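Notes follow once the structure below has been shown.
In the UniProt record's numbering, the protein residues as written are 1 to 128.
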């Protein structure tokens, strides 16, 4: 179980997703705004109380569905740079899962933090 400092850090970095959501709205890319907006809301909802497994399931499912749509969108728009950020973000997440299983929770937190940063860098590449 994460310490409150750890999940508060992840709750705080979940706010980053608000920026590509607003940028997508500004650029009238409503599909992208809907996806990142849903991730924003489900992530905030989960990280405010990470003991709620239903909120975790909703968050993880939303993130995976939006990622699949974004991967498709990156192919259609020929945005190869998205794949760089997506693959490094997913790798950071998977490395973090390894640390979580070893009970190295700060390393897990930093890796998940990296996922939030890299994933949102990828979001911005789709809005160019």
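Beta carbons: idealized from backbone N, C-alpha and C, even for Gly. All figures in this text were calculated on a predicted structure; none of them were measured in a lab.
Ignore the nearest five residues each way along the sequence and tell me which others in residue 45's own chain have a CB closer than 6 Å to its CB.
Taken in chain order, the residues that qualify are 55.
Nearest-angstrom Cα distance between residue 17 and residue 98?
Each residue's Cα considered, the two are about 25 Å apart.
Does residue 103 pass the burial test, meaning 16 or more other C-beta atoms within 10 Å, or should it be called exposed?
Exposed.
Nearest to residue 119 by CA position, among 107, 9, 22 and 39, is which residue?
Out of 107, 9, 22 and 39, the CA that lies nearest to the CA of residue 119 is found in 39.
Check residue 1 in the structure and name its three-state DSSP category.
It is coil, neither helix nor strand.
If you run the structure through DSSP and keep just helix, strand and coil, what is residue 55?
Judged by DSSP in its simplified three-state form, residue 55 adopts helix.
To which residues of the same chain is residue 27 closer than 7 Å at the C-beta, ignoring the five residues directly before and after it?
Closer than 7 Å at the Cβ level, and outside the excluded window around residue 27, lie 127.
Under the assumption that residue 92 contacts residue 115 (Cβ atoms under 8 Å), give the Cβ distance between them as a whole number of angstroms.
About 5 Å separates the beta carbons of residue 92 and residue 115, which is inside the 8 Å limit, making them a contact pair.
Assuming contact is defined by CB atoms lying nearer than 8 Å, are residue 43 and residue 14 in contact in what I supplied?
In this structure, residue 14 lies closer than 8 Å to residue 43 by Cβ.
Residue 47, buried or exposed, once every other Cβ within 10 Å from all chains shown has been counted against 16
Classification for residue 47: buried.
Same chain, Cβ closer than 7 Å to residue 112, neighbours up to 5 away in sequence not counted
Spatial neighbours of residue 112 in its own chain (CB-CB distance under 7 Å, excluding positions within 5 residues in sequence) are listed in chain order as 10, 93 and 96.
Spatial neighbours of residue 81 within its chain, please: C-beta separation below 6 Å, excluding the five flanking residues on both sides.
Excluding the 5 residues flanking it on each side, residue 81 has same chain C-beta neighbours closer than 6 Å at 125, in chain order.
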